[in-house]
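My numbering applies: residue 32 is where the sequence shown begins, and numbers increase by one.
Ideal Cβ positions, reconstructed from N, Cα and C, are used throughout, including at glycine.
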Amino acid sequence: MAQTQFKTLPQTIEETQAAFRPEENKIIDICVYFSTEAFISLKEASILANNQKCKEVKPAHLLTILLKKTEVIKNLAGQKVISPALDCKLVGKAESIPTGKVYFSPDLLKILFGAYLIAKQHNDPEVDNVHLFKAISVYPDFLHLFAEVKLEASGKTATFIMPEFLGKYAEDKSNPGILTETCFVDREQEIEQMLRILVRENKHNVIILGENGVGKSALAHGLAKLLENKNINSLAGSRVIALNLGSLFATPANVSFFAPKITEEVSVLANVIIFLEQIALIQNPQQFAYMISFLQDLEKKAQVRFVLPVAPAFYNQTLQNNPYFSGFFEIVKLDELTVEKTASVLEGNVSRIEKFHNIKIADNLFLETATLAKRYLPGSLPQKALALLEETCASASLSDNKPITIEGIKKVVAQKTGIPLNSLSTSEKEKLTNLENILSGYVVGQEEAVKKVSEALRRARAGLKDPKKPIGSFLFLGPTGVGKTELAKTLAKIFFDDEKAFIRLDMSEYAESHTSQRLIGSPPGYVGYEEGGQLTNPVLERPYCLILLDEIEKAHPRVFDVFLQVLDEGRLTDSQGKTVDFKNTLLIFTSNIGAEEIFENGENLLNPSFDRKKFFEGVIMPVVRQFFRPEFINRFDDIILFNPLTQEVMLSIARLKVKALTERLKEKGVYLEISDEALLKIVKGSYNPSFGARPMERAIREQIENVIAQKLISGEIKEGTTVKW
């Protein structure tokens, strides 16, 4: 090769571009500045170009050769590239010219001098293969070569170099290193639906609609995997690239500088499907408008397809009425995985999790892990089950490093939810079988109510309830102070394993029309929007719980409309668009409706031969229908009558209250003994059927607790003292 006539080498890219005009096919002597290895690479690139019958050696030829070099492969760890050593070949149309002398193209000449500048910047004595590769990968004028080069290993696409600006905000989802069969278990139907949309001539963009955690991002991996293994003519060789819109449009500077650069880079890439991430982070209306303009420009110039994952809330509030998204995108709905399918996802991810945490996971715990995540943790499957398994492994690796068992999973659930560990280990079968006896130890004189609730809970646990509805929904009717709220609290403690799994709302606070909105949260733009709903927020935080709605008859009729969807479909959408799952909740509504009629028939209700059903249908239900619409009444699993309390029942309740007081005093070393005669005297002195057990409870506080408290503080009662009442 003849040497190019230069007194000094150009010092900048601009000087290089000025020195070598595209129309001049210069031939240069590179031996002076380039290492032997770099010279050999250029020679091999020349041979490749000659074999391809190309009259010029192009950057694509050199890149193909460089990616076979060991030193370049090692350097790829710092680049946005999918590595391994590959059997590379150039794919594309070759010009039909006779074999003969080849020249370096103007573009390749610029790269050679770019490599020289990189070597000089690092004070390296000569240009080597790594300098050449870096010059190719960072020089923006040569983006077209990424579309020209296709690297193949075993017949499958294995390498892709992300262009400079796109690489700052994008990730290659087609990377074989991140594709696993288990990312998208049982999503074949949704992926096929996406493909049917993507191959269209028009309206070929996809919106994946699903709650956080259901696997929208994993679907991008699934699509990439399918495109790798399936021959689809119009999508042949397509790569799935995830573009972070939230970061790209975070600042006006990004909008003005990076967006046009990315459009330019993508326009030279062939067969690209762009997975648009974090669109919900773009809150500024002006930036959102710029983003739409960017997408329209990108689609027009680059002929790309878009896949956009969004939550239903964001879609309903922002995209549904937007002409661009409604006119150019089709919706694919992605529902939450079942517990069984989530177990398969967990099993498929075991090797990855074990390797990362260097810990062993016991077999056959996946179904129970998914069940625990579904029942106790907020969020959606499979993500929350995967997070639970990973957190358990992380906890074990930081402490004992023992194999992960279901007891370890339960321990993490207990820590996250506050549910006592021993309660999680209790046999649920035994508890449900004896539920009436357990509840009767806390709630006295309401055998029918206890029996009906217990039966409903057993039906739910046996899987006989409608899976779309809550565990149970009851309307408790009866006078004040007869145990309606007490039964609800006891159920939270016994059935839900935790008194904290108890959400109580006083419905008298929702008597005005506008107050119904507080249940689901204030609308956007109103005070309190960020706080969420007074009903929906607690359920989001603790999806396995009991909800007590006291004095429902005092609420405004619009409030009933909120609960119609909860009782019928087991879900509710809050003001922020989040779908709140009520399928693992037990709803209890209480009311004093019919209290007068119950008092009038108090003695009859306690008579076993009394026709309670006839009384209920003929006397109570006509009163109930005066307050509630039929569609609301019909959604309850049962309407339960609570009996008025007799003095005998009140005495039993008094014994329970005193027993609890005795246990508290034992902790202080004080022992209380009180006779039934003394208790009966208190009961008779405070008995008022209209107010139930509450007057008696006040009497115990005033006549017993207050007196003992005073004497404890004064020192009259000391540790070890037995107090006889």
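Alpha-carbon spacing of residue i relative to residue j, whole angstroms
i	j	result
glutamate 479	asparagine 635	14 Å
proline 574	glutamine 152	59 Å
histidine 769	aspartate 138	No information on residue 769 is available, as it lies outside the stretch 32 to 756 that the chain covers here.
phenylalanine 356	glycine 503	40 Å
glutamine 477	threonine 516	12 Å
lysine 391	threonine 423	11 Å
histidine 587	glutamine 548	11 Å
valine 245	serine 278	23 Å
leucine 226	glutamate 378	27 Å
leucine 271	leucine 518	Strictly speaking, residue 271 in this sequence is valine, with leucine absent from that position. Distance between the alpha carbons of valine 271 and leucine 518: 56 Å.
glutamate 202	phenylalanine 196	12 Å
tryptophan 756	isoleucine 713	12 Å
valine 754	aspartate 592	55 Å
glutamine 220	leucine 140	50 Å
lysine 256	phenylalanine 387	23 Å
glutamine 741	leucine 696	13 Å
glutamate 179	leucine 266	Low confidence applies to glutamate 179: its pLDDT is 37, below 50, so where it sits in the model is not reliable, and the reading given next is rough at best. About 17 Å.
leucine 420	threonine 400	7 Å
leucine 143	isoleucine 222	44 Å
valine 303	lysine 165	24 Å
leucine 350	glutamine 327	15 Å
glutamate 232	proline 283	34 Å
glycine 723	phenylalanine 526	25 Å
arginine 406	lysine 441	12 Å
phenylalanine 667	glutamine 348	32 Å
valine 611	glutamine 565	12 Å
isoleucine 293	arginine 218	31 Å
glycine 563	leucine 97	57 Å
phenylalanine 306	glycine 358	18 Å
Residue i: first and last residue of the uninterrupted alpha helix (DSSP H) it sits in
i	result
proline 354	354 to 359
proline 569	567 to 572
proline 340	Proline 340 -> not in any alpha helix (DSSP H); beta strand (DSSP E) instead, spanning 336 to 341.
glutamate 330	316 to 333
serine 547	Element bounds for serine 547: n/a, residue is neither H nor E.
lysine 99	From DSSP, lysine 99 is part of no alpha helix (DSSP H); its letter is neither H nor E.
asparagine 465	Unbroken run through asparagine 465: none, as it is neither H nor E.
leucine 147	Reading off the sequence shown, one finds tyrosine at residue 147, where the question assumed leucine. Note, tyrosine 147: alpha helix (DSSP H), 137 to 152.
alanine 542	Per DSSP, alanine 542 belongs to no alpha helix (DSSP H) and is neither H nor E.
alanine 445	437 to 448
Whole-Å CB distance - residue i paired with residue j, under 8 Å assumed
i	j	result
proline 340	serine 248	6 Å
leucine 368	leucine 240	Wrong, their Cβ atoms sit about 15 Å apart, outside the cutoff.
glutamate 728	lysine 688	6 Å
valine 237	phenylalanine 360	7 Å
histidine 252	lysine 204	6 Å
isoleucine 539	glutamate 582	A small correction: the amino acid at residue 539 is serine; isoleucine does not occupy that position in the sequence shown. Contact flag correct, Cβ pair sits at about 5 Å.
leucine 577	alanine 493	Incorrect: roughly 19 Å between the Cβ atoms, too far for contact.
phenylalanine 613	proline 501	5 Å
leucine 813	serine 485	Summary: the structure shown does not reach residue 813, with the chain confined to residues 32 through 756, and so no result is reported for it.
Any chain D beta carbon closer than 7 Å to residue i
i	result
lysine 141	Going by chain labels, chain D is absent from the structure shown, which holds only one protein chain.
Residue i: CB within 6 Å of a non-hydrogen atom of the ligand ADP
i	result
leucine 536	Only the bare structure without any ligand can be found here, which leaves the ligand ADP out of the picture.
Boundaries of the beta strand (DSSP E) in which residue i is found, first to last residue
i	result
isoleucine 203	It is aspartate, not isoleucine, that sits at residue 203 in the sequence shown. Unbroken beta strand (DSSP E) run through aspartate 203: 201 to 203.
isoleucine 305	303 to 308
threonine 753	753 to 755
asparagine 275	270 to 275
arginine 535	533 to 537
aspartate 669	669 to 672
glycine 512	Per DSSP, glycine 512 belongs to no beta strand (DSSP E) and is neither H nor E.
serine 365	One detail in the question is off: residue 365 reads as leucine in this sequence, not serine. Element bounds for leucine 365: n/a, residue is neither H nor E.
valine 237	236 to 240
Every unbroken beta strand (DSSP E) inside the segment 576 to 642 [3 residues or more]
Taking only runs of at least 3 residues, the beta strand (DSSP E) segments lying wholly in the segment 576 to 642 are 576 to 581, 602 to 604, 610 to 612, 616 to 622.
State whether the segment 503 to 517 contacts the segment 666 to 676, with contact taken as three or more CB pairs (one from each stretch) at a distance under 8 Å.
At 8 Å Cβ cutoff, the stretches touch.
Are there three or more Cβ pairs, one per stretch, closer than 8 Å when the segment 593 to 611 is compared with the segment 474 to 493?
The segment 593 to 611 vs the segment 474 to 493: no contact.
Contact between the segment 409 to 426 and the segment 458 to 477: three or more CB pairs below 8 Å?
Output reads no: the segment 458 to 477 does not touch the segment 409 to 426.
Which runs of the beta strand (DSSP E), 3 residues or longer, sit entirely within the segment 680 to 747?
Fully enclosed beta strand (DSSP E) runs of no fewer than 3 residues occupy 702 to 704 of the segment 680 to 747, in order along the chain.
Would you check if there are 3 or more beta carbon pairs closer than 8 Å linking the segment 87 to 105 to the segment 65 to 79?
As far as the Cβ criterion goes, the segment 87 to 105 touches the segment 65 to 79, which means the pair count is three or higher.
Below 8 Å, can you find three or more Cβ-Cβ pairs linking the segment 625 to 640 to the segment 528 to 539?
The answer is no - the segment 528 to 539 does not touch the segment 625 to 640, with fewer than three Cβ pairs under 8 Å.
Which full runs of the alpha helix (DSSP H) of 4+ residues lie inside the segment 376 to 425, going along the chain?
Unbroken alpha helix (DSSP H) runs of no fewer than 4 residues, entirely contained in the segment 376 to 425, are found at 381 to 388, 397 to 407, following chain order.
Could you say if the segment 565 to 573 and the segment 638 to 653 meet the contact criterion of at least three C-beta pairs nearer than 8 Å?
Here the segment 565 to 573 makes no contact with the segment 638 to 653; the two share fewer than three CB pairs at distances below 8 Å.
Would you call the segment 657 to 665 in contact with the segment 685 to 702, where contact means no fewer than 3 C-beta pairs closer than 8 Å?
No, they do not touch.
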